[in-house]
Every structure is written in structure tokens, then in C-alpha cells.
Amino acid sequence: MSLQRSAFHLDAVPVCLQAKGQLDKSMQLRLGSLRQLTLVSFMFALLPLGVLLWQNQRMLSDLGNLAVTQARHAVDLTRSVESLQDNANDIERLVRQYRVLNNPDLLPVIQNYTRLFSGALTNSCNKTDLSHLCVEIRHHLQQIVNLDAELDTQSVDLELRQFRQLLVNFTDAASAQLDASLDQQRQHVLQTREEITWQTLILVIITMMLVWAASQVVVKPVSKLERLIRAIGNQNANLPAMEFNYPRELVDLDTRLRWLAKRLTHLESIRHAMLRHASHELKTPLASIREGCSLLSDEVVGPLSEKQQEVVSLLDIGAKRLTQLVEQLLDYNRLLQQSNAKPGWINVADLFEQISERHKLSVAQNKQYLQLDLQIKRLFADEQLLQRILDNLINNAVAYGLADSAIDIELTQQDSHYCLTVSNACRTWDTDSAEQLFQPFQRGEHSQRNDGLSGSGLGLSIVADCARMMGGGAHIVPGDPRQFSVRILLPNNKGTE
Numbered sequence: 001m002s003l004q005r006s007a008f009h010l011d012a013v014p015v016c017l018q019a020k021g022q023l024d025k026s027m028q029l030r031l032g033s034l035r036q037l038t039l040v041s042f043m044f045a046l047l048p049l050g051v052l053l054w055q056n057q058r059m060l061s062d063l064g065n066l067a068v069t070q071a072r073h074a075v076d077l078t079r080s081v082e083s084l085q086d087n088a089n090d091i092e093r094l095v096r097q098y099r100v101l102n103n104p105d106l107l108p109v110i111q112n113y114t115r116l117f118s119g120a121l122t123n124s125c126n127k128t129d130l131s132h133l134c135v136e137i138r139h140h141l142q143q144i145v146n147l148d149a150e151l152d153t154q155s156v157d158l159e160l161r162q163f164r165q166l167l168v169n170f171t172d173a174a175s176a177q178l179d180a181s182l183d184q185q186r187q188h189v190l191q192t193r194e195e196i197t198w199q200t201l202i203l204v205i206i207t208m209m210l211v212w213a214a215s216q217v218v219v220k221p222v223s224k225l226e227r228l229i230r231a232i233g234n235q236n237a238n239l240p241a242m243e244f245n246y247p248r249e250l251v252d253l254d255t256r257l258r259w260l261a262k263r264l265t266h267l268e269s270i271r272h273a274m275l276r277h278a279s280h281e282l283k284t285p286l287a288s289i290r291e292g293c294s295l296l297s298d299e300v301v302g303p304l305s306e307k308q309q310e311v312v313s314l315l316d317i318g319a320k321r322l323t324q325l326v327e328q329l330l331d332y333n334r335l336l337q338q339s340n341a342k343p344g345w346i347n348v349a350d351l352f353e354q355i356s357e358r359h360k361l362s363v364a365q366n367k368q369y370l371q372l373d374l375q376i377k378r379l380f381a382d383e384q385l386l387q388r389i390l391d392n393l394i395n396n397a398v399a400y401g402l403a404d405s406a407i408d409i410e411l412t413q414q415d416s417h418y419c420l421t422v423s424n425a426c427r428t429w430d431t432d433s434a435e436q437l438f439q440p441f442q443r444g445e446h447s448q449r450n451d452g453l454s455g456s457g458l459g460l461s462i463v464a465d466c467a468r469m470m471g472g473g474a475h476i477v478p479g480d481p482r483q484f485s486v487r488i489l490l491p492n493n494k495g496t497e
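Straight run, no breaks: the sequence shown in full-length UniProt numbering ends on number 497.
1) Could you pull out every residue in the same chain whose Cβ sits closer than 8 Å to the Cβ of A67, ignoring the five residues on either side in sequence?
2) With DSSP collapsed to three states, give me the class of E159.
3) Excluding the 5 residues preceding and the 5 following R96 in the sequence, name in chain order all residues of the same chain whose CB lies nearer than 7 Å to its CB.
4) For V168 and L130, what's the separation of their Cα atoms in angstroms?
5) Leaving out five residues on either side along the sequence, give the residues of the same chain with a beta carbon under 8 Å from the beta carbon of G473.
6) How long is the line joining the alpha carbons of I355 and T255, rounded to whole angstroms?
7) With DSSP as the reference, label L239 as helix, strand or coil.
8) Could you give the C-beta distance for K224 and P240, rounded to a whole number, given that I count them as a contact under 8 Å?
9) Can you give me the Cβ contacts of L351 inside the same chain, cut-off strictly under 6 Å, excluding the 5 residues immediately before and after it?
10) So, at 8 Å on beta carbons, what are the nonlocal neighbours of L295 in its own chain, with the 5 sequence-adjacent residues on each side left out?
11) Taking its Cβ as the centre, do 16 or more other Cβ atoms sit within 10 Å of M208, making it buried, or is it exposed?
12) With H, G and I counted as helix, E and B as strand and the rest as coil, what does DSSP make of S423?
13) Have a look at E194 and V81 and give me their C-alpha separation to the nearest angstrom.
14) With H, G and I counted as helix, E and B as strand and the rest as coil, what does DSSP make of P104?
15) Helix, strand or coil for N126 per DSSP?
16) What is the DSSP secondary structure of Q413, counted as helix, strand or coil?
17) For N396, which residues in the same chain have their Cβ closer than 6 Å to its Cβ, ignoring the five residues on either side in sequence?
18) For a minimum of 3 consecutive residues, which ranges assigned as the beta strand (DSSP E) are wholly contained in the region 328–387?
19) What separation, rounded to the nearest whole angstrom, lies between the Cα atoms of residue 498 and H417?
20) I need the straight-line Cα distance from Q216 to L250, nearest angstrom please.
21) Whole angstroms is fine: what's the gap from L166's alpha carbon to A173's?
22) Can you tell me whether DSSP reads S485 as helix, strand or coil?
23) Decide yes or no for the touch test of the region 369–386 against the region 404–416: beta carbon pairs closer than 8 Å, at least 3 of them.
24) To the nearest whole angstrom, what separates the beta carbons of I110 and L121, a pair I think is in contact under 8 Å?
25) What residues in its chain sit with their C-beta under 6 Å from that of Q413, if we drop five residues either side in the sequence?
26) For T200, which option in N347, F438 and N56 has the closest C-alpha, if you only look at C-alpha atoms?
27) Give the DSSP-derived three-state secondary structure of A174 in the structure shown.
28) Touching or not, the region 303–320 and the region 275–294, by the rule of three or more beta carbon pairs under 8 Å?
29) Residues in its own chain within less than 6 Å of C125 by CB, not counting five upstream and five downstream?
30) Identify every run of the alpha helix (DSSP H) within the region 58–120, keeping only runs that are complete inside it and at least 4 residues long; order them along the chain.
31) Rounded to whole angstroms, what's the CA-CA distance from R271 to F438? Just pull it up for me.
32) Which residues bound the alpha helix (DSSP H) around C467?
33) Return the Cβ separation of P247 and L379 in integer angstroms, given the expectation that the two are a contact with Cβ distance under 8 Å.
34) Over what stretch of residues does the beta strand (DSSP E) that includes A474 continue unbroken?
35) Going by DSSP, name the residue or residues bridged to L490.
36) Classify D252 as helix, strand or coil using the three-state DSSP reduction.
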């Protein structure tokens with residue numbers, strides 16, 4: 001491909017590199033709406049395709065004109081050569097007749113055919129680069145026309161043969177030039193096709209780059225809105241700053257999201273305050289009720305009948321249950337208020353010694369026992385959150401586990417994670433609702449506590465939230481419906497010590 005034909009490719013590259021900058025500058029004009037921004041972006045992206053269509057149309061038009069010109073040239077040259085041959089035959093025939101008959105009336109006819117031959121020769125010479133042959137043919141033609149009648153026949157035949165040979169040489173040379181012109185045209189067509197292919201490839205690449213640049217103009221604000229929504233969902237105190245000024249719809253959406261974040265923060269603070277206030281306000285009368293039930297049960301104020309003792313027992317059980325629910329609600333409220341985990345190195349043996357001592361009585365009352373399989377000595381996690389996980393999982397196993405069974409606790413390390421699994425034998429439960437159990441206030445439909453009371457539905461939700469705050473997750477291990485196993489995966493960011 002020639003340098004001239006490659007100039008378009010060389011000029012197209014800096015145009016592509018400047019296009020994104022021009023697109024960004026045009027966006028600074030604050031296009032009013034997202035629709036306008038999209039239309040302008042795609043107009044920039046489709047600009048190279050318009051250039052490609054125009055360039056291809058121009059090249060095809062040039063090829064068409066060249067083909068028509070070459071075809072006309074070939075036809076005209078062929079006709080001129082045929083006319084030369086016909087006139088040469090007529091001149092040769094008339095000269096021989098004149099030599100035999102010596103008729104003066106043939107001379108004007110010979111002169112007429114000579115003029116026709118000269119005109120055809122001039123036309124043919126103008127269409128070819130054979131001037132030297134043209135000069136020789138004209139010279140021999142004049143010699144043939146001016147032949148002396150007294151020359152012998154052999155001399156005349158020699159001149160005619162030389163004239164005929166020159167004409168044959170001219171015809172062959174004209175045909176060779178015509179073939180060369182056709183080959184040149186074929187090469188030009190191939191070169192043009194290659195040029196169109198390269199231009200198409202380059203302009204398609206430029207178009208893809210401009211499409212990417214145009215999409216980024218829209219995608220960048222959307223990505224920033226996505227980060228803002230994620231920050232709102234994670235309850236981050238510091239929201240990312242607004243870094244775009246267009247389009248207007250997305251700017252308005254950013255403003256509304258920030259207003260919504262402030263509103264949610266305000267409502268969340270009100271909810272925490274309400275839960276804290278209501279829980280503390282409930283604890284005082286509950287303590288009084290429990291104290292009263294204790295006094296009545298101890299018959300401090302006087303003896304009670306059997307039915308009265310039964311009523312007092314029901315009141316005491318209800319007060320204890322309500323106290324437990326209030327404590328869980330307070331614990332859940334404290335968990336929601338804790339924004340970040342505070343990890344540190346934990347001695348596994350000391351941790352589980354505290355956990356075992358704390359749940360020793362409740363486990364023994366249900367005739368259960370803890371079976372520990374601790375394969376690591378230290379782990380890096382938030383000790384307070386980990387204790388909440390273990391407390392809730394053991395309480396859940398005590399509440400729903402079968403009597404005379406073990407509560408299996410396994411702690412291992414798998415690649416870059418700590419794996420904590422708590423399992424217990426239980427009555428058949430609905431495995432299809434496994435993931436729903438981690439939602440707040442969700443309880444299994446067919447699950448029944450050992451104490452006959454209704455659970456709060458917060459235990460497993462607290463477990464999942466604690467694991468999530470430490471960068472991990474919680475899920476129920478699928479398998480036997482008579483075995484309930486919860487697995488906690490926590491990231492190991494410090495390795496082993």
C-alpha cells in the first residue's frame with residue numbers, strides 16, 4: 001500500500017485519541033437530559049462509520065469511472081486497429097491493381113484510402129505510446145503510395161511486406177499495452193480492496209473505542225451511584241462525594257439518594273432509641289413482677305392453694321420468658337449499633353472454657369453435653385462477636401436439640417478461612433426453609449422448643465449478622481433432616497501464629 005493511500009490511516013489514529021477528550025469537553029456543556037447525552041454520545045460513536053461509508057462510496061465511484069474509461073479506451077483502440085488493418089488491405093489491393101492495370105482512375109481511390117488510414121493511425125497512436133512505429137508506418141505508407149510504375153514487382157512486394165510487418169508489430173504492441181493497462185487496472189482494484197479492508201478495520205476499531213468512551217460517559221455516573229447505594233446499604237457514616245455534574249436525571253437521583261440516606265440514618269437512630277428506651281422501661285416492671293411472683297411462690301404473704309400456686313407458676317414462667325426476649329432484643333439492638341468488628345488474637349482454649357462454664361447449667365438441664373473438636377489453638381477474630389455466635393448457637397441447640405445427645409462444636413482452618421461448625425440432633429425440620437432462618441424474627445414452621453415456648457426468631461439472625469460483620473458468612477449444612485448443623489466461615493487475615 002502506497003504512502004499516499006496510507007495517509008488516511010495515519011491521520012485516523014490521532015483523531016481517535018482526541019475523540020474521547022472532545023467528547024468529555026462537549027459533556028461539560030451540561031447536556032440537559034440523559035436522552036440528549038445518549039444521542040450525542042452515539043453520534044460521536046457513529047461518526048467513523050459515516051466516514052467509512054463516504055470513503056467507500058468515493059473509492060467505488062473512482063473504480064467505476066476507471067472501469068468505464070478503460071473499457072472505452074479498449075474498445076476505441078480495438079476499433080482503430082481493425083480500421084487500420086482494413087484500410088491497409090484496401091491500400092495493398094489497390095496498389096497491386098494499379099501496378100497491373102496502370103489505370104490512373106485508381107489513384108484518387110488510393111489517396112482516399114490513404115487519408116482514412118492516416119486518420120485511423122493518428123487515432124491509434126494517440127491512444128498508445130508507439131510513436132516510433134507510427135513514424136515508420138507513415139514513412140512506408142508514403143513510399144508505397146509514391147511507387148514508380150517502372151519498379152519491378154519484386155521491389156513492390158518487398159515494400160508491401162515491410163509495411164504489413166510494421167502494421168503487425170504495431171497491432172501486437174498495442175495489444176500488449178492494452179493487456180498491461182488491464183493488469184494495472186486489476187492491481188489497482190486489488191490495492192483498493194486491500195485499502196478498503198484496512199480502512200474498515202481501523203474505523204471499526206475507532207468506532208469500538210468511541211462506543212466505549214461514549215458508554216463510559218453514562219456508565220461512570222451510574223457506577224458512582226452504585227457505590228453510593230452500597231455505602232447507604234452498609235450504613236457508612238461518610239458517603240462518597242458527588243463527582244459528576246451531568247446528566248441532570250442522575251444528578252437529581254444522587255441528590256435524592258443522599259436525602260434518603262439522611263432520612264434512613266435519622267429513622268435508624270429513632271429506632272435504636274425507641275428499642276433501647278422500651279427495653280429498659282420493660283425491665284423495671286418485669287423485675288417487679290418476677291419479685292412479686294417469687295414472694296407469692298415462697299408464701300411470704302401467706303399460704304397459697306394448689307390452684308393459686310399454679311397461677312403464680314404460670315406468671316413466673318411468662319415473666320422469665322418476657323425478660324429473656326427483652327434481653328435478646330437489647331442484644332440485637334447493641335449488635336446493630338456496632339458498626340465495625342475489632343479483631344484480635346484469641347486463645348481458643350480459654351474462649352471455650354468460658355463458653356462451657358456459661359452454658360453448663362442449661363446444657364445439663366436438657367441432659368445434653370458439649371463435645372469439642374478444636375484443631376487450632378489461636379485465631380484472629382472479634383472475640384465479642386464470636387462469643388455472641390457461640391452463645392446463640394448453643395442456646396439454639398439446647399432449645400431444639402434432643403435430650404441425651406451431644407452438641408458437637410468443631411473448629412478447623414481451611415485454606416484462608418476459619419470454619420466453625422455447631423451440630424445437634426433434633427426433630428425433623430423443614431430443610432427447604434434453611435436460608436430463611438437467618439432472617440430476623442423468622443422461626444421454623446415445624447420446629448418446637450423443648451420448653452414449649454415460642455422463640456424470638458433472632459438467634460440465627462444475630463449469628464449471621466455477627467459473621468457478616470467479621471467479613472464471613474453463615475449457612476446451614478445440608479444433609480440429614482434429623483441433624484441441624486450451622487457452619488460459620490470467617491476470613492483468616494493473619495494466618496497462624
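No residue lacks a Cβ here, since even glycine has one placed at the ideal position from N, Cα and C. Keep in mind the model is a prediction, meaning the values are calculated, not measured.
This is what the structure gives:
1) In the sequence shown, counting from the first residue as 1, residue 67 sits at position 67. If we look at A67 and ignore the five residues flanking it on each side, its Cβ neighbours are Q185.
2) Along the sequence shown, one-based indexing puts residue 159 at 159. Three-state result, E159: helix.
3) Here residue 96 refers to the residue found at position 96 of the sequence shown. Taken in chain order, the list of residues that qualify is empty.
4) If you number the sequence shown from 1, residue 168 lands on position 168. If you number the sequence shown from 1, residue 130 lands on position 130. V168 and L130 have their C-alpha atoms spaced approximately 13 Å apart.
5) Mapped onto the sequence shown, residue 473 falls at position 473. If we look at G473 and ignore the five residues flanking it on each side, its Cβ neighbours are A464, A467, I488 and L489.
6) Reading the sequence shown from its first residue, position 355 is the one you call residue 355. Reading the sequence shown from its first residue, position 255 is the one you call residue 255. Rounded to the nearest whole angstrom, the C-alpha separation of I355 and T255 is 48 Å.
7) Numbered from its first residue, the sequence shown carries residue 239 at position 239. DSSP places L239 in coil when its eight states are reduced to three.
8) In the sequence shown, the residue the question calls residue 224 occupies position 224. In the sequence shown, the residue the question calls residue 240 occupies position 240. Contact between K224 and P240 holds: their C-beta atoms lie close to 7 Å from each other, under 8 Å.
9) In the sequence shown, residue 351 corresponds to position 351, counting from 1. Within the same chain, L351 has no close Cβ partners at all.
10) Within the sequence shown, the letter at position 295 stands for residue 295. Only V301 meet the Cβ criterion.
11) For the purposes of this step, residue 208 is identified with residue 208 of the sequence shown, where counting begins at 1. Counting Cβ neighbours within 10 Å, M208 comes out exposed, since fewer than 16 surround it.
12) Reading the sequence shown from its first residue, position 423 is the one you call residue 423. Note: S423 maps to strand in three-state DSSP.
13) Translated into positions along the sequence shown, residue 194 becomes position 194. Translated into positions along the sequence shown, residue 81 becomes position 81. Distance between the alpha carbons of E194 and V81 is about 36 Å.
14) Taking the first residue of the sequence shown as position 1, residue 104 is located at position 104. In this structure, P104 counts as coil in the three-state DSSP scheme.
15) Position 126 of the sequence shown, counting from 1, holds the residue named residue 126. Reduced to three states, the DSSP call for N126 is helix.
16) Locating residue 413 in the sequence shown gives position 413, counting from the first residue. Looking at Q413 - three-state DSSP - the assignment turns out to be strand.
17) Taking the sequence shown and counting its residues from 1, the one referred to as residue 396 is at position 396. G459.
18) 344–347, 369–374 and 378–381
19) With the chain running from 1 to 497 in the structure shown, residue 498 is simply not present.
20) Here residue 216 refers to the residue found at position 216 of the sequence shown. Here residue 250 refers to the residue found at position 250 of the sequence shown. Their backbone Cα atoms lie some 14 Å apart in a straight line.
21) Counting from 1 along the sequence shown, the entry for residue 166 is found at position 166. Counting from 1 along the sequence shown, the entry for residue 173 is found at position 173. Distance between the alpha carbons of L166 and A173 is about 10 Å.
22) Start at 1 with the first residue of the sequence shown, and residue 485 comes out as number 485. Three-state result, S485: strand.
23) yes
24) Here residue 110 is taken as the residue at index 110 of the sequence shown, counted from 1. Here residue 121 is taken as the residue at index 121 of the sequence shown, counted from 1. Incorrect: roughly 16 Å between the Cβ atoms, too far for contact.
25) As a position in the sequence shown, residue 413 is number 413, starting the count at 1. Same-chain partners within the cutoff: I376.
26) Start at 1 with the first residue of the sequence shown, and residue 200 comes out as number 200. Cα-wise, what sits closest to T200 is N56.
27) Locating residue 174 in the sequence shown gives position 174, where the first residue counts as 1. Three-state DSSP puts A174 in a helix.
28) Judged by Cβ distances under 8 Å, the region 303–320 makes contact with the region 275–294, as three or more pairs qualify.
29) If you number the sequence shown from 1, residue 125 lands on position 125. Excluding positions up to five away in sequence, the list reads C134.
30) none
31) For the purposes of this step, residue 271 is identified with residue 271 of the sequence shown, where counting begins at 1. For the purposes of this step, residue 438 is identified with residue 438 of the sequence shown, where counting begins at 1. Looking at the two C-alpha atoms, the distance is approximately 21 Å.
32) Residue mapping note: residue 467 aligns to position 467 of the sequence shown, counting from 1. For the record, residue 467 in the displayed sequence is Ala; it is not Cys. A467 -> alpha helix (DSSP H) spans G459 to M469.
33) Counting from one through the sequence shown, the residue named residue 247 turns up at place 247. Counting from one through the sequence shown, the residue named residue 379 turns up at place 379. The pair is not a contact, with the Cβ atoms about 49 Å apart (cut-off 8 Å).
34) Position 474 of the sequence shown, counted from the first residue, corresponds to residue 474. A474 -> beta strand (DSSP E) spans G473 to I476.
35) The sequence position of residue 490 within the sequence shown is 490, counting from 1. Bridge partners of L490: Y418.
36) Against the sequence shown, residue 252 aligns to sequence position 252. The DSSP-derived three-state label of D252 is helix.
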